[in-house]
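Per this note's numbering, the sequence shown starts with residue 13, numbered consecutively. Note that the Cβ used here is the ideal one computed from N, Cα and C, for glycine as well. Note that the structure is predicted; figures quoted are calculated from it, not measured.
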Amino acid sequence: MSRAVGIDVGGTFTDFVAIDDGVVTVFKHLTTPADPSLGVLDGIVRFAHREKIPFPDIVRIIHGTTLVANSLIERRGARTALITTVGFRDVLEIGREARYDLYDLELERPEPLIPRPLRFEIGERVLADGTELEPLDEAEAVRLSRRLRELGVESVAVCLLHAYANPAHERRLGEIVAAEAPGIDITLSSDIAPEWREYERTSTAAANAFVRPLARKYLAHLEQGFRDLGAPDRLYVMMSQGGVTSARQAAEFAIQLVESGPAGGVSAAGFFGRRLGLHNLISFDMGGTTAKVSLIESGVPLQVPELEVARVARFKRGSGLPLKLPTIEMIEIGTGGGSIGHKGALGLLKVGPISAGADPGPACYGRGTAATVTDADLHLGYLNPDYFLGGSMELDAENAERALAQLGDEVGMSAEQCARGMFDIVNRQMALAMRTHVVERGHDPRRFTLVAFGGAGPVHAYEVARHLGIKRLICPPAAGVASALGFLVSPFSVDLAWTHLGRLGRVDWAPVVARLAEMEARAREMLKKGGADVSSADIEKRVDMRYVGQGYEVPVPLTQAELGPGIEAELRSSFNRLYRERFGTSLETAGVECVHWRLTARVESKQVSVTFPTSARGGALKSQRRTYFPELDDYVDCAVFDRYQLVADNDVKGPALIEERESTIVVGPSAVWRVDDLGNVLVSFAESHKPTPDNGNSRRGGRRT
Numbered sequence: 013m014s015r016a017v018g019i020d021v022g023g024t025f026t027d028f029v030a031i032d033d034g035v036v037t038v039f040k041h042l043t044t045p046a047d048p049s050l051g052v053l054d055g056i057v058r059f060a061h062r063e064k065i066p067f068p069d070i071v072r073i074i075h076g077t078t079l080v081a082n083s084l085i086e087r088r089g090a091r092t093a094l095i096t097t098v099g100f101r102d103v104l105e106i107g108r109e110a111r112y113d114l115y116d117l118e119l120e121r122p123e124p125l126i127p128r129p130l131r132f133e134i135g136e137r138v139l140a141d142g143t144e145l146e147p148l149d150e151a152e153a154v155r156l157s158r159r160l161r162e163l164g165v166e167s168v169a170v171c172l173l174h175a176y177a178n179p180a181h182e183r184r185l186g187e188i189v190a191a192e193a194p195g196i197d198i199t200l201s202s203d204i205a206p207e208w209r210e211y212e213r214t215s216t217a218a219a220n221a222f223v224r225p226l227a228r229k230y231l232a233h234l235e236q237g238f239r240d241l242g243a244p245d246r247l248y249v250m251m252s253q254g255g256v257t258s259a260r261q262a263a264e265f266a267i268q269l270v271e272s273g274p275a276g277g278v279s280a281a282g283f284f285g286r287r288l289g290l291h292n293l294i295s296f297d298m299g300g301t302t303a304k305v306s307l308i309e310s311g312v313p314l315q316v317p318e319l320e321v322a323r324v325a326r327f328k329r330g331s332g333l334p335l336k337l338p339t340i341e342m343i344e345i346g347t348g349g350g351s352i353g354h355k356g357a358l359g360l361l362k363v364g365p366i367s368a369g370a371d372p373g374p375a376c377y378g379r380g381t382a383a384t385v386t387d388a389d390l391h392l393g394y395l396n397p398d399y400f401l402g403g404s405m406e407l408d409a410e411n412a413e414r415a416l417a418q419l420g421d422e423v424g425m426s427a428e429q430c431a432r433g434m435f436d437i438v439n440r441q442m443a444l445a446m447r448t449h450v451v452e453r454g455h456d457p458r459r460f461t462l463v464a465f466g467g468a469g470p471v472h473a474y475e476v477a478r479h480l481g482i483k484r485l486i487c488p489p490a491a492g493v494a495s496a497l498g499f500l501v502s503p504f505s506v507d508l509a510w511t512h513l514g515r516l517g518r519v520d521w522a523p524v525v526a527r528l529a530e531m532e533a534r535a536r537e538m539l540k541k542g543g544a545d546v547s548s549a550d551i552e553k554r555v556d557m558r559y560v561g562q563g564y565e566v567p568v569p570l571t572q573a574e575l576g577p578g579i580e581a582e583l584r585s586s587f588n589r590l591y592r593e594r595f596g597t598s599l600e601t602a603g604v605e606c607v608h609w610r611l612t613a614r615v616e617s618k619q620v621s622v623t624f625p626t627s628a629r630g631g632a633l634k635s636q637r638r639t640y641f642p643e644l645d646d647y648v649d650c651a652v653f654d655r656y657q658l659v660a661d662n663d664v665k666g667p668a669l670i671e672e673r674e675s676t677i678v679v680g681p682s683a684v685w686r687v688d689d690l691g692n693v694l695v696s697f698a699e700s701h702k703p704t705p706d707n708g709n710s711r712r713g714g715r716r717t
């Protein structure tokens with residue numbers, strides 16, 4: 013037998029998923045924050061022993077890690093320098109000269125990853141069209157290289173003005189640094205982010221240089237550890253854009269791992285949706301600290317060409333470090349199982365974004381005293397205190413009630429009212445954020461299916477769907493390890509981009525056609541180095557377009573067999589349509605220009621089906637429990653089912669609680685549910701089901717009753 017293993021390193025647990033001939037087994041092991049590789053290697057040994065997996069039978073291991081994200085947040089990376097064009101030394105601090113909060117007089121800005129003493133300038137100049145204005149000062153390049161060595165620099169980012177249009181100076185400078193200061197890691201912006209906007213390109217190159225030595229060492233250590241255990245040398249890594257590549261390739265473009273874990277969860281959501289013939293999905297991953305939401309349209313997770321990390325103000329756009337790299341679009345909401353309830357400035361009940369984390373954790377963990385969403389869930393009957401994490405951890409219901417009562421004293425409510433208020437607030441907050449995100453993309457959330465996972469996702473998904481008017485909810489099996497499973501069903505992929513400005517009617521198509529051909533050849537080569545079979549690669553091309561004078565673009569697919577002036581009318585029509593879908597209007601007579609040309613090469617995973625072993629014997633009903641449902645504004649005796657005893661069957665009327673080791677699925681009285689052949693719990697709402705009147709905009713959470 014041969015197996016594939018997915019490994020996701022989280023803040024508290026490291027998750028393992030193995031697939032053998034389509035059969036899935038899972039395992040959770042405590043993360044070792046000081047050195048995550050220790051938990052990975054110890055965990056896989058324990059997992060293999062429990063499941064009797066010989067290491068030579070493992071055909072591939074796919075890994076997702078928070079290492080890169082944590083390195084940026086904690087500023088724990090290599091001693092890094094920057095070499096840039098004269099006059100651009102301080103671009104990392106100047107940024108866009110925008111304020112992420114207009115009214116904060118003591119605004120805190122993110123510290124650059126590279127301090128000013130390690131930022132250097134060099135004489136050279138390339139114009140925006142790629143023309144050389146001033147040659148590279150090679151004598152100065154030699155002096156700078158030797159200076160870097162004297163300063164003990166471990167890694168250097170090279171980001172020269174307009175290198176996206178002509179990378180010759182960057183490449184030559186890289187050669188000189190490599191010759192004069194061997195051992196220093198070198199990142200060229202033209203390799204990492206060959207697009208315009210100097211601040212974002214410089215920030216991306218600096219971030220890659222900052223994390224790459226750490227990532228390379230970590231991945232090499234893991235590869236050696238797996239070899240020592242007898243596993244084949246087949247370690248792959250999940251990237252932020254939803255694709256997989258080899259560990260060696262990932263180490264070169266380390267910054268692409270910044271959202272590797274969450275990307276796996278979105279891939280899993282898309283996989284289960286496709287197996288059910290559902291292609292328009294909202295992926296909902298709610299954990300202990302935050303909830304992450306992604307949109308999957310026509311079976312493909314939506315991508316964005318840029319993201320922001322290591323924010324000073326976590327949920328305020330513009331307060332972090334911008335990265336110019338393709339990534340699955342995810343919005344982060346400051347509500348999770350550990351979100352703390354508190355008294356707001358107006359004396360009303362508020363929830364989040366501060367979290368109790370894993371230590372001390374929710375009050376029901378027995379160590380903390382602050383009331384959290386998990387405490388409210390327990391108090392309202394959604395969680396079983398004797399079956400949390402499959403019974404390996406007992407919850408303290410009395411301590412949870414004491415914390416809720418203490419919070420109630422502060423806001424003039426009882427413990428019961430606090431629990432109901434907190435549950436209602438977080439659900440409406442998440443529903444409002446989802447609705448805003450989906451509508452901003454030009455869609456109606458009622459036409460989508462909600463896919464819930466994460467430890468807290470299935471607990472809250474029913475109410476979120478009810479607020480949005482969503483008719484269908486999917487709760488995949490093993491919801492708590494969805495990201496690790498997603499790694500195993502994700503494609504190998506490569507995304508490349510090139511900035512080349514051209515107004516429709518004046519586009520010089522010859523260099524565009526030539527460059528796209530070069531990009532395709534490079535992408536195929538990268539796929540091959542990444543371990544994929546390039547003979548089955550799918551190639552997608554697109555161009556980012558905008559109306560002349562605008563600052564940002566809309567991507568338009570390039571589906572034509574031949575590119576040239578003959579397709580410009582079709583491009584204009586497609587752009588106007590997509591712009592109208594996104595913004596509700598279009599400027600039919602305005603000039604249109606092409607800005608960025610993009611190419612994606614993808615090889616789909618061969619893992620086309622999965623099944624989850626059960627011990628189903630038909631005795632799935634465990635007990636009944638008094639549970640509160642907001643739509644009834646009352647408690648009812650609710651049937652409790654053991655998910656592992658469920659079999660595919662006919663529709664069952666809610667309400668119901670379906671317990672598994674990683675989570676609990678809550679089904680309210682307005683829905684029916686059933687289990688399909690894949691082990692998904694499918695929840696369907698009645699046809700009369702409509703969104704709540706305020707569409708998820710809470711006005712009740714702090715009301716005193």
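- Taking a cut-off of 8 Å for Cβ pairs, the stretch 466-473 and the stretch 328-343 do not touch, as fewer than three such pairs fall below it.
- Every beta strand (DSSP E) of 3 residues or more that sits fully in the stretch 92-129 is shown, in chain order, as 92-97.
- Between the stretch 46-59 and the stretch 219-239, the count of C-beta pairs closer than 8 Å reaches three or more; the two stretches touch.
- For the pair Ala90 and Glu166, the CB atoms are nearer than the 8 Å cut-off.
- The shortest CA-to-CA distance from Gly276 to any of His291, Asp297, Leu293 and Glu264 is the one to Asp297.
- A contact is defined here as three or more CB-CB pairs under 8 Å, and the stretch 65-84 meets this definition with respect to the stretch 253-269.
- By the 16-neighbour rule on beta-carbons within 10 angstroms, Arg62 is exposed.
- Thr448 and Gly350 have their alpha carbons spaced roughly 24 Å apart.
- With contacts defined by Cβ atoms closer than 8 Å, Val138 and Leu130 do not form a contacting pair.
- Residue pairing for Phe499: DSSP places it in no beta bridge.
- Nearest in C-alpha terms to Thr386, of all of Asn411, Ser404, Gly403 and Gly402, is Asn411.
- Boundaries of the beta strand (DSSP E) around His354: Ser351 to Lys355.
- According to DSSP, Ile198 shares a beta bridge with Val168.
- If you draw a 10 Å sphere on the C-beta of Ala533, you find fewer than 16 other C-beta atoms in it, and that means exposed.
- With 16 or more other Cβ atoms inside 10 Å of its own Cβ, Arg213 counts as buried.
- Residue environment analysis places Gln441 among the buried positions, since at least 16 neighbouring C-beta atoms fall within 10 angstroms of its C-beta.
- For a cut-off of 8 Å, the C-beta gap from Gly186 to Leu163 is around 18 Å, too long to register as a contact.
- Note on the stretch 424-477: whole beta strand (DSSP E) runs with a minimum of 3 residues are 461-465, in chain order.
- When Cβ pairs closer than 8 Å are counted between the two stretches, the stretch 539-550 is seen not to touch the stretch 563-573, the count staying below three.
- For Ala491, same chain residues with a beta-carbon under 6 Å away, outside a window of 5 residues either side, are Phe465, Pro470, Glu674 and Ser675 in chain order.
- When DSSP reads this structure, Ile670 sits in a beta bridge with Phe653 and Ile677.
- In the DSSP assignment, the residues bridged to His608 are Thr511 and Asp556.
- In the pairwise beta carbon analysis, the stretch 419-435 is classified as touching the stretch 353-365: at least three pairs are separated by under 8 Å.
- Listed in chain order, the non-local C-beta contacts of Ile579 below 6 Å within the same chain comprise Gln572, local neighbours out to five positions each way being set aside.
- Cβ contact annotation for Phe595 (same chain, cutoff 8 Å, sequence separation greater than five): Gly454, in chain order.
- Under the three-state reduction of DSSP, Trp521 is assigned to helix.
- For Phe400, the pairing in a beta bridge is given by DSSP as Met405.
- Membership of Phe25 in the beta strand (DSSP E) is indicated by the continuous run Phe25 to Asp32.
- Nearest C-alpha to Val560 among Cys606, Val525, Lys483 and Leu590: Cys606.
- Taking a contact as a CB-CB distance under 8 Å, the pair Tyr176 and Thr511 counts as one, their CB atoms being some 5 Å apart.
- Distance between Leu516 and Glu582, taken at the CA atoms: about 11 Å.
- In this structure, DSSP gives Ser548 a helical state, which the three-state scheme calls helix.
- Under the criterion of beta carbons closer than 8 Å, Phe28 and Val256 do not qualify as touching, at roughly 17 Å.
- Straight-line spacing of the CA atoms in Ala191 and Glu150 works out to 12 Å.
- In the structure shown, Arg58 falls within a helical segment according to DSSP collapsed to helix, strand and coil.
- Its chain contains Gln268, Leu269, Val270, Glu271, Ser272, Ala275, Leu319, Leu337, Pro338, Thr339 and Ile340 as the residues whose beta carbon lies nearer than 8 Å to that of Ser252, once the 5 sequence neighbours on both sides are disregarded; these appear in chain order.
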